[in-house]
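Engineer:
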Amino acid sequence: MPVHSLAHSPLSPTAVRELLAMPAMPAVPEEEFDEYSEKVLGWEYTCLVSDAVVTGHHHVLWYEGEPLGDPECTLILTFGEAYPVDPPDPDEYGHDSLVELVGEWAALPGWVLLQQPDEAECEAVLDRAADVVAAELGPPLRTLRSNDWLGMGPYLRCRIWRMGEHGVVLAPREDGGPYGYLTHLVLTVHPWPAGEELPVGDEDCLRWVRDRIIL
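Sequential numbering from 6 applies to the sequence shown in the working numbering.
What follows is the structure, encoded as structure tokens:
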């Protein structure tokens, strides 16, 4: 599937380490969390994703649960936003609005905008992120090609790591915002019980990923 544009901000080792550390960080009381997240973590609320924050590294973080000190929390860090195009009639799905929205992502500090990137250019964004994650966790347990279960496209590689009793997934993921048409590039952390193995087949494994990162 062709891509009209891709906004992205490279993952740094510091940003990855911060995300991976969140489940084990000391919890912050709810009544103190907003002040702590703003003054200590450098987070700011954003409307790019519902109920999400822009981190101090200028990525967009959504979470289900308490983001600090909660081993049951799911964390989804978005560092890329793609607009896939399925010809022939882009006006049917709000082309101008989607172009504008991707531009808002690209306007975040440290983000760049690729116009009409090919699949190799999109894949390279995930490849570079995978190198950063692998430097912390080693090689992924599994690498497989995504499909429309995870988003509208592009169908890039999905990588899975285990970190103790957490799974770490690097993959494309549906935006779920206007028109449901854009695609996030995300690094996620989610609970993964120690005795639970990955499904053997690729389709079952993609279903496993979908059930954990698309909430």
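Every residue gets a Cβ at the ideal spot worked out from N, C-alpha and C, and that includes glycine.
Counting only the same chain and skipping the five closest in sequence on each side, list residues whose C-beta sits under 7 Å from that of residue 128.
Structural biologist: Start at 1 with the first residue of the sequence shown, and residue 128 comes out as number 123. Taken in chain order, the residues that qualify are 161, 162.
Engineer: Quick one: residues in its chain with C-beta nearer than 6 Å to the C-beta of residue 204, no 5 flanking neighbours on either side, listed in chain order?
Structural biologist: Taking the sequence shown and counting its residues from 1, the one referred to as residue 204 is at position 199. The answer, listed in chain order, is 210, 213.
Engineer: In the DSSP assignment, the beta strand (DSSP E) including residue 63 goes from what residue to what residue?
Structural biologist: For the purposes of this step, residue 63 is identified with residue 58 of the sequence shown, where counting begins at 1. Unbroken run through residue 63: none, as it is neither H nor E.
Engineer: With 16 as the cutoff for other CB atoms within 10 Å, does residue 199 come out buried or exposed?
Structural biologist: Translated into positions along the sequence shown, residue 199 becomes position 194. Result: exposed.
Engineer: Using DSSP with H/G/I as helix, E/B as strand and the rest coil, what is residue 42?
Structural biologist: As a first step, residue 42 is located in the sequence shown; it is residue number 37 there, counting from the start. The answer is helix: DSSP assigns residue 42 an H, G or I state.
Engineer: Among 85, 66, 106, which has the Cα closest to the Cα of residue 177?
Structural biologist: Along the sequence shown, one-based indexing puts residue 177 at 172. Of 85, 66, 106, the residue nearest in Cα terms is 85.
Engineer: Considering only their Cβ atoms, is the gap separating residue 194 from residue 173 smaller than 8 Å?
Structural biologist: The sequence position of residue 173 within the sequence shown is 168, counting from 1. The sequence position of residue 194 within the sequence shown is 189, counting from 1. Cβ atoms of residue 173 and residue 194: closer than 8 Å.
Engineer: According to DSSP, what are the bridge partners of residue 182?
Structural biologist: Here residue 182 corresponds to residue number 177 of the sequence shown, with the count starting at 1. Answer is none; residue 182 lacks a bridge partner.
Engineer: Can you tell me whether DSSP reads residue 219 as helix, strand or coil?
Structural biologist: Within the sequence shown, the letter at position 214 stands for residue 219. Three-state result, residue 219: coil.
Engineer: Hey, how far is the Cα of residue 139 from the Cα of residue 102?
Structural biologist: The residue labelled residue 139 in the question sits at position 134 within the sequence shown. The residue labelled residue 102 in the question sits at position 97 within the sequence shown. Those two C-alpha atoms are separated by around 36 Å.
Engineer: At the level of alpha carbons, what is the spacing between residue 73 and residue 137?
Structural biologist: Reading the sequence shown from its first residue, position 68 is the one you call residue 73. Reading the sequence shown from its first residue, position 132 is the one you call residue 137. Their backbone Cα atoms lie some 22 Å apart in a straight line.
Engineer: I need the DSSP call for residue 168, collapsed to helix, strand or coil.
Structural biologist: For this step, residue 168 is matched to residue 163 along the sequence shown. Reduced to three states, the DSSP call for residue 168 is strand.
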